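Chains as they are written, first to last, in the numbering used here: chain A, 1 to 373; chain B, 1 to 373.
Don't be surprised by glycine CBs; every beta carbon is placed ideally from N, CA and C.
In this text, all values refer to a predicted model and were calculated from it rather than measured experimentally.
Here is the structure we will look at.
2 protein chains.
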Amino acid sequence: MRTEICERFGIEFPLLAFSHCRDVVAAVTGAGGLGVLGAVAYSPEELDRELDWIDRQVRGRPYGVDVLVPGRIDPSAAAPGDAIPAAHRDFVAHLFDKYGIPPETEPSGVARGGEGFGGRVTQQGATGLIDVALRHPVALIASALGTPPPIMVDRARAAGVPVAALVGTVEHARRQVVAGADIIVAQGSEAGGHTGEISTMVLVPQVVDAVAPIPVLAAGGIANGRQMAAALALGAEGVWCGSVWLTTEEAETPPAVKEKLLAATSRDTVRSRSRTGKPARQLVSAWTREWDEAPGSPGPLPMPLQLVLAEEALARVVAAAERGGPGARELANYFVGQVVGQLDQVRPARQVVYEMIEEFAGAVERMSDITGG
Amino acid sequence: MRTEICERFGIEFPLLAFSHCRDVVAAVTGAGGLGVLGAVAYSPEELDRELDWIDRQVRGRPYGVDVLVPGRIDPSAAAPGDAIPAAHRDFVAHLFDKYGIPPETEPSGVARGGEGFGGRVTQQGATGLIDVALRHPVALIASALGTPPPIMVDRARAAGVPVAALVGTVEHARRQVVAGADIIVAQGSEAGGHTGEISTMVLVPQVVDAVAPIPVLAAGGIANGRQMAAALALGAEGVWCGSVWLTTEEAETPPAVKEKLLAATSRDTVRSRSRTGKPARQLVSAWTREWDEAPGSPGPLPMPLQLVLAEEALARVVAAAERGGPGARELANYFVGQVVGQLDQVRPARQVVYEMIEEFAGAVERMSDITGG
């Protein structure tokens with residue numbers, strides 16, 4: 001395929017795969033797309049090890065690294081653990097009691113996050129990860145939240161690595177370009193994780209027009225080849241997919257969560273502040289309902305405080321769910337987009353790529369038939 | 001263009017235009033699409049006159065009629081005026097006072113609705129309108145809300161007229177097919193008016209797969225040719241557009257509302273129950289904010305009670321806004337989708353059609369170039 005993104009990265013398909021699992025990243029890059037590793041759950045040392053592994057797998061093919069840099073953060077983020085009010089800790093204890101999570105449950109090692117997480121969702125923390133990434137042959141640095149700080153852009157530029165930035169509005173897209181972003185990822189409200197309120201269908205053409213000639217990737221609502229074709233019809237030069245990898249063979253998604261993802265319909269997600277403090281789309285679960293609707297809820301804290309509180313608690317929840325606790329299974333959730341309703345089987349990541357590209361080609365052929373071309 | 005919808009209706013472009021204005025309906029049909037008149041604001045006698053006029057304009061070319069049949073309605077709908085609680089009437093009086101609407105303001109004749117509106121949003125009311133429609137050479141009857149009642153399907157069938165039904169979920173689509181719908185309109189959450197929560201990008205392919213071989217039209221987020229191409233890439237056989245006609249030359253949209261539509265961005269809509277009692281996307285305004293967020297709000301009534309209360313009140317608001325009242329302008333709003341951010345000029349409806357089709361062709365050509373076809 002020939003798009004600006006294919007040419008820039010020397011890839012066969014303009015398909016970027018965001019994942020926290022190195023295996024998915026390597027598999028998508030190996031299949032002709034471009035894997036992007038979500039780095040926020042790793043310490044700099046851990047990230048270095050993961051990227052060493054990826055380097056050995058992809059043998060020169062391109063991959064990227066994604067960090068989380070919030071535009072505005074709570075000043076108490078420096079020592080987030082201390083800043084969490086007693087009422088919020090008590091509410092978590094109440095949930096653990098109500099849903100039968102033994103308080104001594106160790107957090108699941110698979111559900112990354114918890115301690116240290118909050119500290120990395122800062123400019124300083126992100127910079128440490130970027131420094132590690134730039135010591136590897138990364139093809140792309142992405143910033144999933146907020147405007148990339150000048151230091152991030154400067155270091156990436158110096159290393160000759162393009163910077164991609166996720167946006168949910170036209171205004172943010174313009175701001176990101178001013179801040180130095182080389183690629184804009186226009187992410188619709190149907191996406192998993194932190195999203196705005198404007199849908200992919202509406203957002204993408206507006207962002208494409210606003211930032212031309214900067215290339216735009218479409219994100220949100222894209223998990224099959226028809227959706228990829230739609231994204232390119234909207235003017236995107238490629239797509240950025242996250243949710244579709246969560247149920248792949250390679251994904252380290254905890255089995256209890258994977259089961260919920262496979263069973264969910266597109267009605268089973270919600271944009272909630274209960275997991276990070278900012279609106280993020282995720283599976284609806286007892287966790288989101290209790291925080292967002294229960295009369296006794298103190299309401300979510302601002303980012304990153306809620307993130308610190310929630311990730312540690314949910315890592316324990318997942319560990320308990322893995323041991324079969326029914327209450328824990330009710331609470332367990334994960335960031336995922338509305339495409340979750342399409343995910344009903346476990347496939348290798350490579351197969352997901354090939355099926356998307358095959359369906360994409362079919363959609364383009366159908367379009368040509370419609371116009372009699 | 002060649003799609004199932006083009007062949008079924010003998011139209012050039014698979015572009016259906018929903019509008020309350022007969023001029024838009026006739027213009028789109030005349031330009032090679034298919035105009036659909038929203039009938040709910042009319043009495044049977046008025047509808048008959050409107051359709052007479054359209055018949056003379058379109059000279060045999062196809063057009064449709066849309067009615068509103070809620071699946072579940074409040075039993076008090078029979079005499080909705082009496083069933084509105086005093087607290088809700090008082091809240092409207094409070095808003096009129098706060099925003100400086102003289103209580104004696106006559107409702108604007110242009111903003112259709114108000115008295116009689118509630119009674120027509122019932123099976124009986126809709127059936128009366130359908131009987132009128134079927135005395136004209138209509139090519140399509142559409143039901144914008146809920147499952148079409150058997151009587152509607154039976155009468156349309158007997159007259160050889162296909163029935164289209166709007167849906168926001170896969171489950172509703174399946175139910176509509178069982179109820180006898182011949183065409184499904186899969187409407188994403190970004191659409192104006194009554195919508196669900198699933199975006200067009202996610203909803204359309206799922207509905208297409210679920211109801212095949214029944215043809216699906218995509219609705220929500222479609223106001224230019226790239227968006228139309230995206231919809232067809234998703235598997236739709238055509239598109240159903242509403243918002244884009246509100247700012248056309250032909251539209252009877254009150255000038256004060258048109259101004260707000262032209263100025264709005266895609267962030268300026270909200271799904272709110274404040275206008276009909278069911279979640280409907282509309283311009284955010286003092287009306288939606290007061291009902292949805294003000295501490296003193298009694299909360300919206302169920303449909304059709306809120307519709308009766310709101311349409312009459314907002315017809316007065318619009319009349320006051322037309323006379324320049326600043327508070328009235330703050331309150332005024334209208335049903336519109338997130339594409340409102342793309343509407344920044346007044347164009348004839350025919351030009352909108354031609355520009356969409358031209359951009360559509362460009363998008364398809366670009367797709368072929370990408371695949372090297």
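Residue nearest to residue i in terms of C-alpha spacing, selected from the options
i	options	result
F13 (chain A)	A:G196, A:G225, A:P205, A:A181	A:G225
A361 (chain B)	A:V364, A:V65, A:W291	A:V364
L261 (chain A)	A:T247, A:V58, A:S272	A:T247
P137 (chain B)	B:A31, B:D90, B:Y334, B:D52	B:D52
V36 (chain A)	A:V185, A:A236, A:P304	A:V185
C21 (chain B)	B:D66, B:P150, B:V317	B:D66
G10 (chain B)	B:F18, B:S19, B:A31	B:A31
G242 (chain B)	B:Y334, B:A139, B:I214	B:Y334
Y63 (chain B)	B:R56, B:D97, B:V25	B:V25
G325 (chain A)	A:A27, A:D97, A:I101, A:M367	A:I101
S143 (chain B)	B:Q306, B:A319, B:F18, B:M201	B:F18
V340 (chain A)	A:A223, A:Y42, A:P103	A:A223
Y42 (chain A)	A:A27, A:Q57, A:D97, A:I130	A:I130
A87 (chain B)	B:R366, B:V353, B:G299	B:G299
Length of the line joining the Cα atoms of residue i and residue j
i	j	result
I141 (chain B)	V216 (chain B)	15 Å
S266 (chain B)	E106 (chain B)	32 Å
A179 (chain B)	R61 (chain A)	53 Å
G114 (chain A)	L203 (chain A)	The predicted position of G114 (chain A) is uncertain, since its pLDDT is 42 and thus under 50; a value taken from the coordinates is nonetheless stated next. Those two C-alpha atoms are separated by around 33 Å.
I5 (chain A)	D23 (chain A)	23 Å
I198 (chain B)	A158 (chain A)	42 Å
E359 (chain A)	L95 (chain A)	44 Å
L34 (chain A)	G372 (chain B)	20 Å
P44 (chain A)	D268 (chain A)	35 Å
V257 (chain A)	L15 (chain A)	25 Å
V239 (chain B)	V336 (chain B)	16 Å
A83 (chain A)	G128 (chain A)	23 Å
A164 (chain A)	E46 (chain A)	23 Å
W245 (chain A)	A39 (chain A)	16 Å
E290 (chain A)	S297 (chain A)	7 Å
E249 (chain B)	R275 (chain A)	47 Å
P148 (chain B)	R59 (chain B)	29 Å
A321 (chain A)	R281 (chain A)	21 Å
E7 (chain A)	Q206 (chain A)	23 Å
L234 (chain A)	M356 (chain B)	13 Å
G188 (chain A)	E293 (chain A)	25 Å
A126 (chain A)	T253 (chain A)	24 Å
G277 (chain A)	A156 (chain B)	52 Å
V346 (chain A)	E50 (chain B)	55 Å
G221 (chain B)	D90 (chain A)	43 Å
E259 (chain A)	Q351 (chain A)	20 Å
T29 (chain A)	A139 (chain A)	11 Å
M152 (chain A)	E311 (chain B)	53 Å
R174 (chain B)	D209 (chain B)	11 Å
A319 (chain A)	Q338 (chain B)	41 Å
D369 (chain A)	L343 (chain A)	29 Å
P103 (chain B)	Q306 (chain B)	19 Å
Nonlocal neighbours in the same chain, by C-beta distance under 7 Å from residue i, ignoring five residues either side
i	result
V92 (chain B)	L309, A313
Y99 (chain A)	A286, G327, A328, E330, L331
D55 (chain A)	H136, P137
Other residues of its chain near residue i: CB distance less than 6 Å, five sequence neighbours each side excluded
i	result
D182 (chain A)	P162, V163
V270 (chain A)	V284, T288
A219 (chain B)	V185, Q187, A191, W240
E279 (chain B)	It should be noted that the sequence gives Pro, not Glu, for residue 279 (chain B). The answer, listed in chain order, is R271, R273.
V132 (chain B)	P44, L47, D48
A231 (chain A)	A218, I222, V239
The ligand COA heavy atom lying under 7 Å from the CB of residue i
i	result
S199 (chain B)	The ligand COA is not part of the structure shown, which contains no ligands of any sort.
Residues near residue i by beta carbon distance below 8 Å, same chain, minus five either side
i	result
V177 (chain A)	I184, V211, I214
L134 (chain B)	I141, R155, A156, A159, V161
Interface partners of residue i on chain D, CB under 8 Å
i	result
V339 (chain B)	In the structure shown, chain D does not exist; the protein chains are A and B.
- Query: Three or more beta-carbon pairs under 8 Å between the segment 162-177 of chain B and the segment 192-210 of chain B, yes or no?
  - Reply: Yes, since at least three Cβ pairs between the segment 162-177 of chain B and the segment 192-210 of chain B fall closer than 8 Å, the two stretches touch.
- Please go through the segment 200-262 of chain B and give each complete beta strand (DSSP E) segment of 3 or more residues, from N-terminal end onward. For the beta strand (DSSP E) assignment, the uninterrupted runs of no fewer than 3 residues enclosed by the segment 200-262 of chain B are, from N- to C-terminal side, 216-219, 238-241.
- Where are the alpha helix (DSSP H) runs, 4 residues long or more, that stay fully inside the segment 304-340 of chain A, in chain order? Complete alpha helix (DSSP H) runs here, min 4: 305-322, 326-331.
- Item | 3 or more residues per run - each beta strand (DSSP E) lying fully within the segment 138-190 of chain B | Counting only runs of 3 or more, we get 140-143, 163-167, 183-187.
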